[in-house]
Amino acid sequence: MLNLDVLNNASCRECADVTKAFEQTVQRGLLLPLRLIANTRTRKKTRPKGFPAIITNGKNTDDVVLSAEEMPFAALAYKFIVPRHYLGLPPDFISRPFFDVVVVRNPYESRNSKWDGNPEGMYQKARVRVMFHPAEFCRMLAKIAYCLTISKHGLCSVKSYLPDVILGRFPDYNYYVGHPCEAQSTMDALWSSGNGKNTLHRTLLIYDKTTGKTCIRCLISLFSPVGFPVYEVMVGELQN
Ligand SMILES: [Zn+2]
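Using this note's numbering, you'd call the opening residue of the sequence shown number 435 and step up by one each time.
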């Protein structure tokens, strides 16, 4: 997804199967409208050209496929708390992952959409179905943060919490992954100090030395120009 160097044979077969499964779930679910709107390149030729929806005016109902301009929103995004580990809270393996949902506006929505302001005025409402997979989404963010860190520092220099999260062995998904830890102003300053400012996806590694160790955190902004929320991942400790 990100424009990174490719690590050949980075995962063994079993782990690759595990990560492929949750990545597909997120790509085809939550990220589908975003990918449609951002017109992301894909290796598959069978990727749907639109987003399935039902439009209605109370009397007539039609199954349609919405184009990027017709999508009423760019995404329904998860809103988490900051990673529980950062807050010094213990892991919680019993409760379901906590999240709210925020609507991300579609910046490219055209006023000629099928249900609102169209010349015939036939339809007033659109219903779309979006599946929620917060655990899979957190695992995908964990994988992005982990791969970014390892590609920069090497496998032996990092003691990371994330392999267990990625492989589904640590089921408190808001423990290491969540809302950014810093205030918005601090985060803006961090972004402007990083590179890749104008790319579709942005990432930034943060080195926090407040505890005497070097703790690595990773800011991840997917589909930045569309306004998808920024998330933060606690990666682990940098050794020596
Ligand atoms: Zn493996």
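Heads up, the beta-carbon is just placed ideally off N, CA and C, and yes, glycines get one too. Bear in mind that the values here come from a model prediction, so they are computed numbers and not experimental data.
| Query | Result |
| --- | --- |
| Sorry if obvious, but does the Cβ on residue 449 come closer than 8 Å to a heavy atom of ligand 1? | yes |
| Flag this pair as yes or no: are the beta carbons of residue 464 and residue 510 separated by less than 9 Å? | yes |
| With residue 517 as the anchor, note down where its beta strand (DSSP E) starts and where it stops. | Unbroken run through residue 517: none, as it is neither H nor E. |
| Pick out whichever of 619, 614, 506, 445 has its Cα sitting closest to the Cα of residue 667. | 614 |
| Please state whether DSSP places residue 524 in a helix, a strand or coil. | coil |
| From the DSSP output, read off the bridge partner residues of residue 565. | Paired residues: none, contrary to the question. |
| Mark residue 646 as exposed unless 16 or more other C-beta atoms lie within 10 angstroms of its C-beta, in which case mark it buried. | exposed |
| Using a Cβ-based criterion (distance less than 8 Å to any ligand heavy atom), does residue 581 qualify as near ligand 1? | no |
| Going by Cα to Cα distance, which pick from 600, 540, 586 is closest to residue 568? | 600 |
| Less than 9 Å separating the beta-carbons of residue 660 and residue 460? | no |
| For a test of your reading of the model: does the CB of residue 445 fall under 8 Å from any non-hydrogen atom of ligand 2? Yes or no. | Ligands displayed in this structure: ligand 1; ligand 2 is not among them. |
| Closest by CA to residue 517, which one among 636, 566, 533? | 533 |
| Please report the straight-line C-alpha distance between residue 519 and residue 596, rounded to a whole angstrom. | 12 Å |
| Taking residue 530 as the reference, give the member of 492, 604, 468 with the closest Cα. | 604 |
| Note the first and the last residue of the continuous beta strand (DSSP E) segment covering residue 486. | 485 to 490 |
| What number of angstroms, rounded off, separates the C-alpha of residue 634 from the C-alpha of residue 652? | 17 Å |
| For residue 623, count the other beta carbons within 10 Å of its own beta carbon; 16 or more makes it buried, fewer makes it exposed. Which is it? | exposed |
| Short of 7 Å in beta carbon distance, which residues of its chain neighbour residue 453, apart from the five on each side in sequence? Order them along the chain. | 445, 577, 600 |
| Comparing C-alpha positions only, which one of 498, 639, 670, 648 sits nearest to residue 655? | 639 |
| So, is residue 528 buried or exposed, given that buried needs 16 or more other C-beta atoms within 10 angstroms? | exposed |
| If you follow the alpha helix (DSSP H) that residue 457 is in, where does it begin and where does it stop? | 447 to 462 |
| Taking all protein chains shown into account, do 16 or more other C-beta atoms lie within 10 angstroms of the C-beta of residue 447, making it buried, or fewer, making it exposed? | exposed |
| Rounded to whole angstroms, what's the CA-CA distance from residue 504 to residue 543? Just pull it up for me. | 6 Å |
| Using the DSSP secondary-structure output, state which residues sit across from residue 637 in a beta bridge. | 654 |
| What residue does the alpha helix (DSSP H) around residue 627 start on, and which one ends it? | 618 to 627 |
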